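Engineer: The numbering of the sequence shown is the UniProt record's numbering, which starts it at 1 and goes up by one.
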Amino acid sequence: MLPPVTLALLAVNVTVFILLQNTNWYRFGSIPSYLLNDPSMFLITAFTSMFLHANIVHIAFNMLALVALGRVIEDAIGSMRYIIVYILSGLSGVALHTIYSLTTNNGFNTPMVGASGAISGIIGLAAAMGDRFAYIWLAVQFIFAIAGLSSIAYFAHIGGFIFGFMMGRLYHDRMYRDSTYLT
1 MLPPVTLALL
11 AVNVTVFILL
21 QNTNWYRFGS
31 IPSYLLNDPS
41 MFLITAFTSM
51 FLHANIVHIA
61 FNMLALVALG
71 RVIEDAIGSM
81 RYIIVYILSG
91 LSGVALHTIY
101 SLTTNNGFNT
111 PMVGASGAIS
121 GIIGLAAAMG
131 DRFAYIWLAV
141 QFIFAIAGLS
151 SIAYFAHIGG
161 FIFGFMMGRL
171 YHDRMYRDST
181 YLT
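#1: What's the gap between the Cα of T110 and the Cα of A118?
#2: Is the CB-CB distance between I59 and T45 below 8 Å?
#3: CB-CB under 8 Å to Y181, same chain, minus the five flanking residues each way: which ones, in chain order?
#4: Reducing DSSP to helix, strand and coil, say where S30 ends up.
#5: Ordered along the chain, which non-local residues of its own chain (more than five positions away) have a Cβ less than 7 Å from that of G164?
#6: Give me the residue from Y26, I162, F28 and M63 with the minimum Cα distance to L9.
#7: Tell me where the alpha helix (DSSP H) around F51 begins and ends.
#8: Leaving out the 5 sequence neighbours to the left and right, which residues in its chain are closer than 6 Å to L2 when beta-carbon positions are compared?
#9: How many Å lie between R169 and A134 at the Cα?
#10: Just the C-alpha distance for V67 and T6, rounded to the nearest angstrom, thanks.
#11: Quick one: residues in its chain with C-beta nearer than 7 Å to the C-beta of Y171, no 5 flanking neighbours on either side, listed in chain order?
#12: With a 10 Å radius around its C-beta and 16 neighbouring C-beta atoms as the bar for buried, classify F108 as buried or exposed.
#13: Suppose contacts are defined by Cβ-Cβ distances below 8 Å. Is L52 in contact with V113 by that definition?
#14: CB-CB under 6 Å to T48, same chain, minus the five flanking residues each way: which ones, in chain order?
#15: If we ignore side chains and look at the alpha-carbon of each, how far apart do F161 and D38 end up?
#16: For W137, which of Y100, Q21, S151 and I158 has the nearest alpha-carbon?
#17: State the DSSP-derived secondary structure class of M80, mapped to helix, strand or coil.
Below you can see the structure in the form of structure tokens.
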């Protein structure tokens with residue numbers, strides 16, 4: 001059985017994907033130019049974009065990663081910390097992608113969608129907990145981001161990972177400090 005937040009996130013993402021088929025759902029994607037032209041819409045879409053997916057392959061890969069990581073990480077850090085890291089990692093991913101887009105004019109008016117930034121935060125958390133494969137995953141994101149080989153928002157992945165890693169270090173340090181006895 002999946003932990004409750006992972007199960008809820010899976011259900012929300014799949015439900016949104018099904019319900020928004022054959023609609024103009026992309027208007028709820030995070031568009032970097034909104035930050036300058038319509039800041040309130042930027043804030044709304046920074047959140048809603050985390051629950052939208054471009055196609056069946058996109059949602060399938062993201063939900064597979066969510067389930068694989070969520071069942072381990074949520075149990076390790078608790079549901080409340082997990083959802084906080086998930087949401088704030090997604091927003092951090094939007095922020096870094098927006099900074100990249102505004103400074104390079106690459107994707108300035110293109111909607112960004114997907115749970116990848118949030119899931120990348122969970123990968124960053126796993127790295128902070130000792131998962132060495134997570135660092136390889138991050139290196140690949142940097143390589144693809146620099147190479148610019150696709151329309152994937154790699155800087156959203158990197159931003160999510162960095163936030164998740166920082167929170168993982170904070171949680172790890174706090175748990176270690178709380179478990180040691182001072183004499």
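We put the CB at the ideal spot given by N, CA and C, even for glycine.
A quick note: this is a predicted structure, and the numbers were derived from the prediction, not measured.
Structural biologist: Well, looking at it:
#1: So the alpha carbons of these two residues sit roughly 19 Å apart.
#2: Cβ atoms of I59 and T45: not closer than 8 Å.
#3: Because the pLDDT at Y181 is just 47, under 50, the model does not fix this residue reliably, and the value given afterwards should be weighed accordingly. Nothing meets the Cβ criterion.
#4: Note: S30 maps to strand in three-state DSSP.
#5: Closer than 7 Å at the Cβ level, and outside the excluded window around G164, lie V85, S89, S120, G121, I122, I123, G124 and L125.
#6: The shortest Cα separation from L9 among Y26, I162, F28 and M63 belongs to M63.
#7: First-last for F51: undefined, no H or E at that position.
#8: In the same chain as L2, and ignoring 5 residues on each side of it, the C-beta atoms closer than 6 Å to its own belong to R71, in chain order.
#9: Distance between the alpha carbons of R169 and A134 is about 14 Å.
#10: Rounded to whole angstroms, V67 to T6 spans 7 Å at the Cα level.
#11: Within the same chain, Y171 has close Cβ partners I77 and R81.
#12: Flag for F108 reads exposed.
#13: Against a cut-off of 8 Å, the Cβ pair of V113 and L52 comes out as a contact.
#14: Correct list, in chain order: F28.
#15: Looking at the two C-alpha atoms, the distance is approximately 27 Å.
#16: Considering only alpha carbons, the answer is I158.
#17: Note: M80 maps to helix in three-state DSSP.
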